[in-house]
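If you read the protein sequences in the order shown, they are chains A and B. So in this note's numbering, spot 212 of the first sequence is number 212, and the numbers just go up one at a time. So in this note's numbering, spot 36 of the second sequence is number 36, and the numbers just go up one at a time. By construction, the Cβ of each residue, glycine as well, lies at the ideal position given by its N, Cα and C atoms. All of these numbers come straight from a predicted model, not from anything done at the bench. To start, the structure under review is shown below, and the notes come after it.
There are 2 protein chains.
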Amino acid sequence: MSNSTTQVGESSERKPYRSHRERQRRRILDAAGRLFEEHGIEGVTAAEIVNAAGIRASTFYEYFSNKDDVVWAIVADVFEEGAERGKRAMDAAGTALAKISALLEFMADDLTHRPAKVRFMAEFDAMYARQWSPERLLSLEAQVSPGGFGYFSSLIREGIEDGSLRPELDPDLTMHAVINAVIGAQRRLASLGSRVELEYGHRIDRLFRETIRVILFGLRAT
Amino acid sequence: MSNSTTQVGESSERKPYRSHRERQRRRILDAAGRLFEEHGIEGVTAAEIVNAAGIRASTFYEYFSNKDDVVWAIVADVFEEGAERGKRAMDAAGTALAKISALLEFMADDLTHRPAKVRFMAEFDAMYARQWSPERLLSLEAQVSPGGFGYFSSLIREGIEDGSLRPELDPDLTMHAVINAVIGAQRRLASLGSRVELEYGHRIDRLFRETIRVILFGLRAT
DNA sequence: ACAAATTCGAAATGATAGTTCAAATTACAA
DNA sequence: TTGTAATTTGAACTATCATTTCGAATTTGT
Numbered sequence: 001m002s003n004s005t006t007q008v009g010e011s012s013e014r015k016p017y018r019s020h021r022e023r024q025r026r027r028i029l030d031a032a033g034r035l036f037e038e039h040g041i042e043g044v045t046a047a048e049i050v051n052a053a054g055i056r057a058s059t060f061y062e063y064f065s066n067k068d069d070v071v072w073a074i075v076a077d078v079f080e081e082g083a084e085r086g087k088r089a090m091d092a093a094g095t096a097l098a099k100i101s102a103l104l105e106f107m108a109d110d111l112t113h114r115p116a117k118v119r120f121m122a123e124f125d126a127m128y129a130r131q132w133s134p135e136r137l138l139s140l141e142a143q144v145s146p147g148g149f150g151y152f153s154s155l156i157r158e159g160i161e162d163g164s165l166r167p168e169l170d171p172d173l174t175m176h177a178v179i180n181a182v183i184g185a186q187r188r189l190a191s192l193g194s195r196v197e198l199e200y201g202h203r204i205d206r207l208f209r210e211t212i213r214v215i216l217f218g219l220r221a222t
Numbered sequence: 001m002s003n004s005t006t007q008v009g010e011s012s013e014r015k016p017y018r019s020h021r022e023r024q025r026r027r028i029l030d031a032a033g034r035l036f037e038e039h040g041i042e043g044v045t046a047a048e049i050v051n052a053a054g055i056r057a058s059t060f061y062e063y064f065s066n067k068d069d070v071v072w073a074i075v076a077d078v079f080e081e082g083a084e085r086g087k088r089a090m091d092a093a094g095t096a097l098a099k100i101s102a103l104l105e106f107m108a109d110d111l112t113h114r115p116a117k118v119r120f121m122a123e124f125d126a127m128y129a130r131q132w133s134p135e136r137l138l139s140l141e142a143q144v145s146p147g148g149f150g151y152f153s154s155l156i157r158e159g160i161e162d163g164s165l166r167p168e169l170d171p172d173l174t175m176h177a178v179i180n181a182v183i184g185a186q187r188r189l190a191s192l193g194s195r196v197e198l199e200y201g202h203r204i205d206r207l208f209r210e211t212i213r214v215i216l217f218g219l220r221a222t
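This is the structure in structure tokens:
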């Protein structure tokens with residue numbers, strides 16, 4: 001509630017300037033998204049967003065109540081799009097192990113091809129974590145995956161049954177532990193970027209893929 | 001260079017108010033550290049640090065050139081202390097696998113007993129990542145572990161030789177991938193805290209220990 | 001108790017975020 | 001094409017915060 005995300009459904013509502021407003025809104029989000037990716041969330045002022053969007057401050061505040069509001073809206077978009085693409089990647093795979101593998105591979109691709117987006121999410125996690133109300137988190141999550149994370153646990157269960165995964169795994173616990181670790185690794189690599197390459201001596205995607213390899217080894221039945 | 005960290009060595013320098021200055025410095029760092037842990041780095045103003053330290057703003061700027069300077073100094077302390085304790089934990093263990101296991105266990109303990117510190121480091125990583133010059137990173141790292149991270153790779157090599165680790169592992173790559181993943185997982189759990197517990201349905205230390213378990217499975221020889 | 005170092009007080013500067021509202025402009029339906 | 005409702009603008013305004021300045025007062029080590 002009190003959210004600023006677009007109302008879907010109700011296509012028959014005919015608020016007069018609806019489509020115009022949505023275009024403007026997107027204009028602002030796109031401009032802000034580009035700036036955030038380049039300079040980091042903290043490195044961008046409201047005035048810069050306003051300029052980049054080609055509007056005046058007073059207009060900006062017609063659409064968003066502040067900078068954070070913009071950040072949240074972008075996060076919702078990124079979430080939604082990520083969930084969608086992730087799901088598609090998993091659908092292509094057959095067995096449970098293959099699905100899990102495909103999901104992790106999808107995350108590796110994201111790190112390779114859209115590091116700035118991943119870095120943005122990392123910054124968001126760290127900075128906004130303490131402002132997340134549980135409701136806000138749940139509403140975001142629900143919006144993204146109606147089944148929740150339960151789907152992932154069932155994957156492990158499935159994998160144990162078909163003999164591709166270690167039988168002693170605790171489906172719920174393991175899947176969540178793995179997802180958290182993989183997201184954590186991915187975002188850390190994205191935010192530290194070249195610093196971590198310097199420190200560790202390997203390209204970040206190489207490091208990430210090795211992480212995946214070790215984890216899959218840890219899940220796979222012997 | 002241009003660093004604000006304490007000059008060590010040269011114990012014969014007899015700057016008159018040296019010990020007093022160090023006490024004051026520590027006073028400020030302690031006050032700031034407590035505030036950062038409670039409210040997050042962004043949630044603390046310079047004025048609040050000044051008040052908590054019981055001094056005036058003008059005095060504060062005698063010791064630090066700005067808030068970031070304070071943050072960096074605290075990070076250096078946390079690094080140093082963490083490295084020290086981590087080393088001690090590993091020394092107690094015998095085999096390579098046991099050492100690695102002890103290191104990961106040490107990180108789990110940190111997450112359990114000092115989540116606020118870990119959260120602080122997570123926030124730092126995300127916010128200051130793009131301001132890290134490679135020199136600054138290397139100097140911090142050198143200060144912390146003179147051997148660098150090379151020590152960790154040699155651990156894997158050792159484990160392969162004594163047959164406790166998978167022989168096909170690439171020592172350098174694997175160790176760095178694992179360290180990154182574990183730090184990433186630990187910090188993400190610390191920064192999301194109760195949010196992730198709500199989402200995943202498990203306590204964060206439980207999730208973290210499961211992560212470790214899977215990773216160790218992935219490293220261990222069959 | 002003296003000189004040097006440190007702290008204080010208090011005011012000033014300069015960014016930045018956010019707000020407000022009357023006037024001008026624009027979009028759309030009839 | 002036009003009337004009107006919605007939107008945008010301009011410009012001024014408030015508030016918060018970081019940081020600086022410097023002479024006076026205080027504290028420290030010897």
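Residue-chain proximity (residue i, chain B), Cβ-Cβ < 8 angstroms
| i | result |
| --- | --- |
| TRP132 of chain A | yes |
| ASN180 of chain A | yes |
| LEU140 of chain A | no |
| ILE183 of chain A | yes |
| ALA129 of chain A | yes |
| HIS20 of chain A | no |
| LEU112 of chain A | What sits at residue 112 of chain A in the sequence shown is Thr, not Leu. By this cut-off, THR112 of chain A is not an interface position. |
| ILE100 of chain A | no |
| LEU97 of chain A | no |
Burial state of residue i, where buried means 16 or more other Cβ atoms lie within 10 Å
| i | result |
| --- | --- |
| SER65 of chain A | exposed |
| TYR226 of chain A | Because chain A in this structure spans residues 1 to 222, residue 226 of chain A falls outside the shown range and cannot be described. |
| ARG88 of chain B | exposed |
| GLU123 of chain B | buried |
| ARG119 of chain A | buried |
| GLU210 of chain A | buried |
| GLY184 of chain B | buried |
| GLN186 of chain B | buried |
| HIS176 of chain B | buried |
| HIS202 of chain B | buried |
| THR174 of chain A | buried |
| ASP125 of chain A | buried |
| ALA181 of chain A | buried |
| ALA195 of chain B | At residue 195 of chain B the sequence reads Arg, which differs from the Ala that was named. With 16 or more other Cβ atoms within 10 Å, it is buried. |
C-beta neighbour in chain A for residue i, strict 8 angstroms
| i | result |
| --- | --- |
| ILE28 of chain B | no |
| VAL75 of chain B | no |
| MET107 of chain B | no |
| MET90 of chain B | no |
| ASP172 of chain B | yes |
| ASP125 of chain B | yes |
| SER191 of chain B | yes |
| LEU223 of chain B | The structure shown has nothing for residue 223 of chain B, since chain B only spans 1 to 222. |
| LEU104 of chain B | no |
| GLY163 of chain B | no |
For residue i, three-class secondary structure by DSSP
| i | result |
| --- | --- |
| LEU165 of chain A | strand |
| ARG203 of chain A | coil |
| ARG26 of chain B | helix |
| VAL44 of chain A | coil |
| PHE149 of chain A | coil |
| ASP170 of chain A | coil |
| ASN180 of chain A | helix |
| GLY86 of chain B | helix |
| VAL118 of chain A | helix |
| TRP132 of chain B | coil |
| GLY193 of chain B | coil |
| SER154 of chain B | helix |
| TYR17 of chain B | coil |
| ARG32 of chain B | Looking at the sequence itself, residue 32 of chain B is Ala, so the reference to Arg does not match. Helix, per DSSP. |
| PHE64 of chain B | coil |
| THR59 of chain B | helix |
| THR95 of chain B | coil |
Residues near residue i by beta carbon distance below 8 angstroms, same chain, minus five either side
| i | result |
| --- | --- |
| ILE28 of chain A | ILE49, ALA53, ILE55, PHE60, TYR63, PHE64 and VAL70 |
Opposing strand residues paired with residue i [DSSP bridges]
| i | result |
| --- | --- |
| ARG220 of chain B | B:LEU165 |
Beta-carbon proximity list for residue i, same chain, < 6 angstroms, skipping 5 on both sides
| i | result |
| --- | --- |
| GLY159 of chain B | ALA96, LEU97 and LEU165 |
| LEU192 of chain B | none |
| ARG157 of chain B | PRO171 |
Contacts around residue i, its chain only, beta-carbon distance under 7 angstroms, and the 5 residues preceding and following it disregarded
| i | result |
| --- | --- |
| ASP205 of chain B | ALA108, LEU111 and THR112 |
| ASP162 of chain B | THR95 and ALA96 |
| LEU207 of chain A | LEU189 and TYR200 |
| GLY33 of chain A | ILE74 |
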